[in-house]
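Undergrad:
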Amino acid sequence: MDHAIEGNREDVILHGLIMKLFDVYERPYTTWIRLYNPDGSRDQLRAEMIQIENQKERPAAALYYASLGGLEKEVKALIRQGEDGNSQGGFFGNALQAASHRGHGKVVQILLDQGADINIQGGNYGNALQAASQGGHTTIVQRLLENGADINVPGGFYGSSLQAAAQGGHETIVQELLSKGAHVNYQGGPFGCSLQAASQGGHRRVVHMLLDKGADINYQGGPYGNTLQAACCRGHKAIVQDLLNKGMNVNSYGGEYYSSLQAGCHGGHEDVIRILLDEGADVNVQGGIHGSALQTACHGGFGKIVQMLLDKGADINMKGEPYGCALQAASHGGHKGVIQLLLKQGADKDVNYQGGKYGTALQAACQGGYTEIIQILLDTGADVNIQGGKYGSALQVACREGHENIVRTLLNNGAAINTQGGLYGNALQAACRGGHKGIVQMLLNKGVEDINAQGGVYGSAIQAASSKGHDMIVQMLRDYGS
Numbered sequence: 001m002d003h004a005i006e007g008n009r010e011d012v013i014l015h016g017l018i019m020k021l022f023d024v025y026e027r028p029y030t031t032w033i034r035l036y037n038p039d040g041s042r043d044q045l046r047a048e049m050i051q052i053e054n055q056k057e058r059p060a061a062a063l064y065y066a067s068l069g070g071l072e073k074e075v076k077a078l079i080r081q082g083e084d085g086n087s088q089g090g091f092f093g094n095a096l097q098a099a100s101h102r103g104h105g106k107v108v109q110i111l112l113d114q115g116a117d118i119n120i121q122g123g124n125y126g127n128a129l130q131a132a133s134q135g136g137h138t139t140i141v142q143r144l145l146e147n148g149a150d151i152n153v154p155g156g157f158y159g160s161s162l163q164a165a166a167q168g169g170h171e172t173i174v175q176e177l178l179s180k181g182a183h184v185n186y187q188g189g190p191f192g193c194s195l196q197a198a199s200q201g202g203h204r205r206v207v208h209m210l211l212d213k214g215a216d217i218n219y220q221g222g223p224y225g226n227t228l229q230a231a232c233c234r235g236h237k238a239i240v241q242d243l244l245n246k247g248m249n250v251n252s253y254g255g256e257y258y259s260s261l262q263a264g265c266h267g268g269h270e271d272v273i274r275i276l277l278d279e280g281a282d283v284n285v286q287g288g289i290h291g292s293a294l295q296t297a298c299h300g301g302f303g304k305i306v307q308m309l310l311d312k313g314a315d316i317n318m319k320g321e322p323y324g325c326a327l328q329a330a331s332h333g334g335h336k337g338v339i340q341l342l343l344k345q346g347a348d349k350d351v352n353y354q355g356g357k358y359g360t361a362l363q364a365a366c367q368g369g370y371t372e373i374i375q376i377l378l379d380t381g382a383d384v385n386i387q388g389g390k391y392g393s394a395l396q397v398a399c400r401e402g403h404e405n406i407v408r409t410l411l412n413n414g415a416a417i418n419t420q421g422g423l424y425g426n427a428l429q430a431a432c433r434g435g436h437k438g439i440v441q442m443l444l445n446k447g448v449e450d451i452n453a454q455g456g457v458y459g460s461a462i463q464a465a466s467s468k469g470h471d472m473i474v475q476m477l478r479d480y481g482s
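Residue 1 is where the sequence shown starts when you use the UniProt record's numbering, and the numbers rise one by one after that.
(1) When you measure from the CB of L428 to every non-hydrogen atom of the ligand ATP, does any distance come out below 6 Å?
(2) Could you check if M472 is buried or exposed, using at least 16 other CB atoms within 10 Å of its CB as the buried criterion?
(3) Between K360 and G402, which are expected to be in contact by the criterion C-beta below 8 Å, what is the C-beta distance as a whole number of angstroms?
(4) If we count Cβ pairs, one from each stretch, closer than 8 Å, do we get three or more for the segment 266-283 versus the segment 295-315?
(5) Run through the segment 249-282 for me and flag every whole alpha helix (DSSP H) of 4 or more residues, listed as ranges in chain order.
(6) Leaving out the 5 sequence neighbours to the left and right, which residues in its chain are closer than 6 Å to H104 when beta-carbon positions are compared?
(7) Could you name the residues of the same chain whose beta carbon sits closer than 6 Å to that of E372, not counting the 5 residues immediately before and after it, in chain order?
(8) Cutting at 7 Å between CB atoms, please list the residues of its own chain near G346, excluding the five before and the five after it.
(9) Look at the alpha carbon of V141 and the alpha carbon of N86, and state the distance between them as a whole number of angstroms.
(10) For my contact list, A131 and I151 are in at a C-beta cut-off of 8 Å; report their separation, rounded to the angstrom.
(11) Between which two residues does the alpha helix (DSSP H) carrying C233 extend?
(12) Considering only the beta carbon of each residue, do S199 and I173 sit closer than 7 Å?
(13) Please list, in chain order, all residues of the same chain as K349 whose beta carbon is under 8 Å from its beta carbon, the five residues on each side excluded.
(14) Does V206 pass the burial test, meaning 16 or more other C-beta atoms within 10 Å, or should it be called exposed?
(15) Distance check for G287 and S133, CA to CA, integer angstroms please.
(16) Per DSSP, which residues does G459 bridge with? Please list them.
(17) Which residue's Cα is closest to the Cα of S460: G421, Q367, H170, G381?
(18) From C233, G247, L276, D242, pick the residue whose C-alpha is nearest to that of G255; which is it?
(19) Measure the CB-CB distance between L144 and A166 and report whether it falls below 7 Å.
(20) Would you kindly report the start and end of the unbroken alpha helix (DSSP H) that includes V240?
(21) Which residues bound the alpha helix (DSSP H) around S160?
(22) Give me whichever residues DSSP pairs with G320 in a beta bridge.
(23) Rounded to a whole number of angstroms, what is the C-alpha to C-alpha distance between H203 and E171?
(24) Does the separation of the CB atoms of L444 and Y480 fall below 7 Å?
(25) Could you work out which residue in G434, I406, S331 is closest to Q295 when comparing CA atoms only?
(26) Where does N152 sit, in a helix, a strand or coil, going by DSSP?
(27) Near F91, what residues of its chain come up, given a Cβ to Cβ distance below 6 Å and the 5 sequence neighbours on each side ignored?
(28) Please classify N426 as buried or exposed, where buried requires at least 16 other C-beta atoms within 10 Å of its C-beta.
(29) Going by other Cβ atoms of all chains shown within 10 Å of its Cβ, with 16 needed for buried, is R80 buried or exposed?
(30) Tell me whether the beta-carbon of G136 lies closer than 7 Å to the beta-carbon of Q163.
(31) Over the uninterrupted alpha helix (DSSP H) stretch that includes Y219, give me the two end residues.
(32) Sorted by chain position, which residues of the same chain lie with C-beta nearer than 7 Å to Q44's C-beta, five sequence neighbours on each side aside?
(33) Hey, how far is the Cα of L244 from the Cα of I275?
(34) Quick one: residues in its chain with C-beta nearer than 7 Å to the C-beta of Q121, no 5 flanking neighbours on either side, listed in chain order?
(35) Mind checking which residues open and close the alpha helix (DSSP H) that includes K344?
(36) Span of the alpha helix (DSSP H) holding L309?
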């Protein structure tokens, strides 16, 4: 396609070769599409090739690909041959949407002149207007509107043409759509509304354009819950300040991160956090995928933000899912500096707290293989044999993950080898399941009492090893009497 686009468009021989390639009933056409589909990257299209093979689907029509590439001469020729300008197929759904998204204005006009349905639905963007809006092609947007494109038709990836333009920061197109009657508060699409889309994208001027046209600043919905949370998550501090100045409630809740403060903590945006705290953001509100702002910052390893939250009264010992407590969140994230900060300010009380996804801070650190953190926790008084969590004990976690040095550290600190419980029943079964020969040998040398102990998802150590094809470990166990 690139060679055709760059070639001499008046070359009769080149035109003939392209038209020959565009013969959909010949093998070269389908082979070309399956090896190099112009719709996307080669890797993506090899996957599509497999899908086509599996589903026995034919590629899109030749007119679609000619329009996608902006091949005006071939588009005209294919139409003369009787190709249907409204046929469905391809990533963009039809020839008009493909040409609109790629910015091929002359091809768009050719298709319209030949009767292409300007409002035909389908493809990734739903319609040609949304495709052109997302692509940032102002002239094509204007042409489509002049020819009767429905400005408020719902559907497509962005839900509406306005949201597509807003998310891309295409100011001229946003203005054009608004002036032609686009619904500024239409709800739908991946960002819920156009204002949230613009805020997430960091397009400050578009945000103000939408607000000036009556966009609902307090709309609740979308992945971020509200516009402020979207801006906070992406670190757009100017937009954050603008929204607050316009009267947005700093403590509006909802969405994936539940609060704007947690959203800002997730991205590690110190300036945004500072603004939110100065505006009175609640540091201890619970909810969202990380449980609280403090747990979010701890898991992300943002030490300065952790200190800012603590200085504003964040409860260092507050409990909640998914990490149970701040110390466990930092331990799972592997953030030594944050752990030391927490321990200095009172989190040592939680060193043996049981709860959260990983059971204890020690188990969380063992899963990640963080040797230094494990030693810090042990020195602080972590109980090496405390029970709980998915794997039952810190030793079982370390055995499952194959962290040989950590297993040794735990054993040297009194970890009980023969404790029963957890997903794999005991440490030996966990090591056998993972195929960790060195750890299996270490456990056997340290005195496993019952090599045939029953329990866990595999029933026994030898069954765990056998089920995963770890033949050498199976033989080791047999040598020890299994």
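Don't be surprised by glycine CBs; every beta carbon is placed ideally from N, CA and C.
TA: Looking at the atomic coordinates:
(1) Annotation note on the ligand ATP: not contained in the displayed structure, which lists no ligands.
(2) The Cβ neighbour count for M472, taken over all protein chains shown within 10 Å, is under 16; the residue is labelled exposed.
(3) In the sequence as presented, Lys is not what sits at residue 360; that position holds Thr. About 20 Å; that fails the 8 Å criterion.
(4) The segment 266-283 is in contact with the segment 295-315.
(5) For the segment 249-282, whole alpha helix (DSSP H) runs of length 4 or above, ordered along the chain, are 260-267, 270-278.
(6) Closer than 6 Å at Cβ, skipping near neighbours: G70.
(7) Within the same chain, and ignoring the five residues on either side of E372 in sequence, the residues whose Cβ sits closer than 6 Å to its Cβ are K336.
(8) I316, N317, listed in sequence order.
(9) Each residue's alpha carbon lies about 19 Å from the other.
(10) At roughly 14 Å, the Cβ-Cβ gap does not stay under 8 Å, so A131 and I151 are not in contact.
(11) Segment 227-234, the alpha helix (DSSP H) holding C233.
(12) It is not a contact, given that the beta carbons lie outside the stated cut-off.
(13) These residues qualify, in order along the chain: N317.
(14) So V206 ends up on the buried side.
(15) Taking C-alpha positions only, S133 is separated from G287 by approximately 36 Å.
(16) Note: G459 sits in a beta bridge opposite G455.
(17) With distances taken between CA atoms, S460 lies nearest to G421 out of G421, Q367, H170, G381.
(18) Considering only alpha carbons, the answer is C233.
(19) No, these two residues do not count as a Cβ contact at 7 Å.
(20) Counting along the chain, the unbroken alpha helix (DSSP H) around V240 starts and ends at 237-245.
(21) Taken as a continuous stretch (DSSP letters only), S160 belongs to no alpha helix (DSSP H), as it is neither H nor E.
(22) G324.
(23) About 9 Å.
(24) Yes, Cβ-Cβ distance for L444 and Y480 is below 7 Å.
(25) It is S331.
(26) In this structure, DSSP gives N152 a state outside helix and strand, which the three-state scheme calls coil.
(27) The residues are D39, N124.
(28) Counting other Cβ atoms within 10 Å of its Cβ, N426 reaches 16 or more and is therefore classed as buried.
(29) Result: exposed.
(30) No, the Cβ-Cβ distance between G136 and Q163 is not below 7 Å.
(31) It is not in any alpha helix (DSSP H) - Y219 carries neither H nor E in the DSSP assignment.
(32) Only weak support exists for where Q44 lies, its pLDDT of 42 falling under 50; the coordinates are left without a value.
(33) If I take the Cα positions, the gap works out to 9 Å.
(34) Around Q121: N127, G155.
(35) Here the alpha helix (DSSP H) through K344 covers 336-344.
(36) Per DSSP, L309 belongs to the alpha helix (DSSP H) from 303-311.
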